[in-house]
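Here the structure is laid out as structure tokens; the discussion comes afterwards.
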Amino acid sequence: MEPYLLGIAMGLISGLIPGVGNFVLLLLAWPFLYNFDVMELLIIYVSMASISQFIGSIPAIVFGIPGESSSFPAVQESKRLTTIEEVSKSISGSAFGSAFGGIFVAGLCFYFVQYLELIKHFYSTKLLVGLLLSVCIVMVLTIDNRWWVNLLLIMSGLLLGSIGYNSYLNTEFLTFGVNSLWSGLPLTVVLICLFAIPQILNNINFDVKKLGNSFKIGKVYILNPIYLFFSTVIGFFGGLVPGLTTVFSSISAYSVSLLFTRDPVKRIVVSETANNAGAFSMLLPLLLFGIPIIGSEAILLFLMEQKGFSIVSWDFTNSLKELSISLIYINLIGLCIAWPLSKFVTLFYKINLNALMYVILASLFFVTLYTGHINYNMSYYFICFILLAPIGAFLKNVNTLPLVFAFIVHDKLIDSIYRLSQIIGV
Amino acid sequence: MKNYLIIGAALLYSTAAMADSITILNSGSKTGGFSMQSTAYSQDLAKDFDITLVNPGDRCVALGNLLPKITGPVLMPWASDYEAVGRDGACVTFDINQGTVVRYDTSPVYVCTRGGDVTKDSGKVGHTVPANGPLARVITELNKEFKTSHSPVVYDGSGDARLAIINGEVDYALLSKKHTGIVMEADSSINCDTSLAVDGLAASTGNKKLAFGFDTVWLVLNADANTTNKIKMSMMEKHLNCNSAIGTWSKCNTTLNSRWDLTVEEASKNWETMVATQR
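Heads up: the sequence lines are chains Y and W, in that order. Counted from 1, the first sequence has number 429 at position 426 by our numbering; the numbering is strictly sequential. Counted from 1, the second sequence has number 118 at position 111 by our numbering; the numbering is strictly sequential.
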């Protein structure tokens with residue numbers, strides 16, 4: 004029981020507080036984690052990753068703040084929710100969709116465990132380049148700006164992401180000899196300034212009364228099973244992409260949904276379903292090949308090795324079956340935590356939203372400073388904030404999702420295109 | 008009240024002063040071997056020292072920004088290939104003589120193959136970053152020496168390179184010792200050998216550029232001789248204990264080739280030789 008409780012508590016924190024991700028939380032929880040065995044550590048990790056996906060969608064849908072980074076699509080679509088019923092539907096739909104995604108993936112892993120080794124073929128450079136470019140193209144064509152604006156935003160994201168030292172190509176770009184710039188622009192600051200701030204400024208002064216005038220709330224909203232299935236599949240494979248995992252799951256499923264529906268509720272549910280599917284699949288490379296694909300998994304691997312985990316002697320089949328069953332419990336718990344919140348949406352809107360938005364803006368500034376502090380470079384984070392925040396304010400009427408997506412994937416995209424050129428001999 | 012505060016402050020100070028404080032600064036990525044070992048040491052040495060683990064996951068930040076700000080004793084890893092790339096213009100270099108080398112590791116690069124002979128059968132060779140770095144140059148040297156036409160394919164880390172040979176994207180992979188056992192276990196058709204060690208192809212052909220390895224050092228900085236020695240002894244003790252964090256990570260030291268007794272001159276000479284071959 005203890006691993007579940009600890010994992011859920013960590014997931015709540017990770018999902019609700021922007022800037023506090025799983026990596027930081029694992030480091031903070033270190034003294035407690037050392038007492039658990041391998042399977043318990045995995046349960047903690049899976050609980051944390053899944054619950055943070057369930058919970059992260061709530062502030063994203065209600066207030067337009069990304070609790071965790073895979074909630075960008077929900078943030079983006081939240082401003083298109085015009086009634087409390089839609090907000091309520093989005094929350095309950097996301098809770099059910101997330102539970103479906105998680106449980107479906109757990110079921111698949113349970114029954115097809117002997118075939119999971121085949122995911123090694125997913126780690127093909129050609130496939131990775133194809134996936135990343137496809138999502139970029141879909142974004143250019145579907146995000147609600149003009150296509151050339153989307154293209155410009157993607158190019159800007161790639162440009163901003165390229166600032167710094169690229170250890171892959173051993174090149175530096177626009178560092179001007181400044182040490183801090185070698186590590187590039189901090190991801191947290193870029194996301195806050197160029198995504199969260201435009202969203203929040205766009206939300207300020209929206210018609211709160213109109214929003215509160217209607218409706219039946221607390222209805223169970225379950226998306227069309229075909230949508231759920233496809234978003235789960237996209238989320239599963241998105242979770243396998245190194246370094247991007249659930250972010251890629253949700254953004255790619257969201258981008259595809261833009262082709263098929265204009266309903267913001269459906270788009271939110273699709274992306275939230277996908278990120279929960281990805282929250283489990285991202286563990287498979289670690290469990291199958293001993294390869295951590297994000298920083299938090301590296302800490303998990305270390306802890307597991309301390310408890311005797313060795314990829315050579317690891318009983319993958321039975322352990323994964325056990326973990327799949329745990330995942331079902333965790334998703335049911337997540338559903339029980341997130342779904343009831345859909346009934347209390349009116350309470351959220353009793354708060355003075357405009358005042359809240361200003362509080363959130365101030366909080367994001369402190370999140371920037373705090374993140375800078377834990378990364379030992381507060382002044383650099385502060386300067387980046389001061390420089391980027393006005394740009395974010397200027398872009399308040401633009402959907403900046405293509406920009407932040409390109410910023411997040413820039414190194415994977417550039418590196419894998421370079422590698423592809425080596426493989427095909429160009 | 009004032010007296011209580013003074014007593015409290017004194018108690019706090021004396022408790023803090025009981026254990027020496029060390030900052031363990033990881034100069035590697037967050038998912039690589041340096042990160043794992045830094046974490047292991049932070050666990051093991053916590054019994055003897057007051058440890059702060061600093062893990063920015065980026066050597067430019069670690070050495071460029073953070074190290075100058077840390078005034079107390081620091082334990083830090085550094086790699087010869089980082090240094091070689093740094094001297095060729097990348098973000099940071101570090102003179103190991105600024106500190107004391109307490110541990111010096113040497114590890115040859117293993118050539119893992121899916122059945123081909125690297126001296127005869129041309130193919131794609133997976134290696135770790137950077138793209139135009141020392142490992143890419145070894146592949147060029149192989150082509151020159153054996154008239155092969157291998158093409159280098161660069162991966163972000165050993166994990167990715169490992170997957171690439173397992174899934175058949177490359178025909179060969181250049182990996183460190185820790186990864187070879189896992190690769191061979193994952194696919195029995197893959198074999199790894201030390202043909203790029205000093206006594207391998209380099210010895211048989213007389214071409215020294217075909218010898219390649221990773222030298223790494225663990226340095227103690229900003230500390231007097233006593234503290235340095237205490238840190239070193241504590242590290243050695245933990246390495247001898249297979250149940251310690253570092254003992255577990257290193258499979259009871261079987262994946263490491265560590266020297267603890269090198270003189271300053273020996274360490275410096277070995278280091279400079281390795282860095283020079285990697286440039």
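C-beta: ideal position from N, C-alpha, C; glycine also. Remember, it's a predicted structure, so these values are computed and weren't measured experimentally.
For a Cβ distance threshold of 7 Å, residue set N174 of chain W lies close to H124 (chain Y), ordered along the chain. DSSP places K131 (chain W) in the strand class (E or B) of the three-state scheme.
Runs of beta strand (DSSP E) with 3 or more residues, each lying fully within the region 13–94 of chain W, are found at 27–32, 56–61, 81–86, listed in chain order. The continuous alpha helix (DSSP H) containing G14 (chain Y) extends over residues 5–19. With a cutoff of 8 Å on beta-carbon distance, I106 (chain Y) and I331 (chain Y) are scored as near each other. Going by DSSP, F369 (chain Y) is part of no beta strand (DSSP E) but of the alpha helix (DSSP H) stretching over 356–377. In the assembly as shown, E89 (chain Y) is a buried residue. Its beta-carbon has 16 or more other beta-carbons within 10 Å. For the 8 Å CB-CB criterion, V108 (chain Y) and T264 (chain Y) do not form a contact. The C-alpha of F388 (chain Y) lies about 11 Å from the C-alpha of I200 (chain Y).
Within the model, the alpha-carbon separation for K239 (chain W) versus K151 (chain W) is close to 43 Å. If you look at W267 (chain W), you'll find it isn't in any alpha helix (DSSP H); DSSP assigns it neither H nor E. At a cut-off of 8 Å, the C-beta of R286 (chain W) has no neighbouring C-beta in chain Y. Across the structure, V401 (chain Y) and V143 (chain Y) are spaced so that their CA atoms are roughly 13 Å apart.
The C-beta of R422 (chain Y) comes closer than 8 Å to at least one C-beta of chain W.
By the Cβ neighbour-count rule, I354 (chain Y) is exposed, with fewer than 16 other Cβ atoms within 10 Å of its own. Nearest in C-alpha terms to N153 (chain Y), of all of Y:F408, Y:K269, Y:S170, is Y:F408. If you check each beta-carbon in the region 86–107 of chain W against every beta-carbon of chain Y, the ones closer than 7 Å belong to V92, A97, C98. In this structure, the alpha-carbon of H186 (chain W) lies about 25 Å from that of A69 (chain W). Inter-residue distance for W150 (chain Y) and T403 (chain Y) is about 13 Å (C-alpha atoms, whole angstroms).
Taken in chain order, the unbroken stretches of alpha helix (DSSP H) that lie wholly in the region 145–227 of chain W and span 4 residues or more are 165–173, 184–193, 208–212. For T113 (chain W), the enclosing beta strand (DSSP E) covers residues 107–115. In the DSSP assignment, C119 (chain W) forms a beta bridge with W:A180, W:C199. When the alpha-carbon of D268 (chain W) is set against those of W:S36, W:R110, W:A47, the nearest one is in W:R110. M307 (chain Y) counts as buried, since no fewer than 16 other beta carbons sit within 10 angstroms of its beta carbon. Straight across, the Cα-Cα distance linking F113 (chain Y) with L323 (chain Y) is about 7 Å.
Proximity to P75 (chain W) across W:K184, W:L228, W:S114 peaks at W:L228, based on C-alpha coordinates. Not one beta carbon of chain Y lies nearer than 8 Å to the beta carbon of T59 (chain W). Counting C-beta atoms within 10 angstroms of its own C-beta, F312 (chain Y) has 16 or more neighbours from the protein chains shown and is therefore classed as buried. Contact of S241 (chain W) with chain Y is not assigned, every C-beta pair being separated by 8 Å or more. Against chain Y, the CB of G130 (chain W) has no partner CB under 8 Å away; the residue lies outside that interface.
Boundaries of the beta strand (DSSP E) around F176 (chain Y): 174–176. Listed along chain W, no residue sits closer than 9 Å to E43 (chain Y) by beta-carbon distance, the nearest being about 17 Å off. If you check the CB distance, L231 (chain Y) and G100 (chain Y) come in under 8 Å. Under the DSSP definition of a beta bridge, G167 (chain Y) partners with Y:F176.
Here I64 (chain Y) is near S97 (chain Y), since their CB atoms are less than 8 Å apart. The beta-carbon distance between F103 (chain Y) and T276 (chain Y), rounded to whole angstroms, is 6 Å. This is short enough to meet the 8 Å contact definition.
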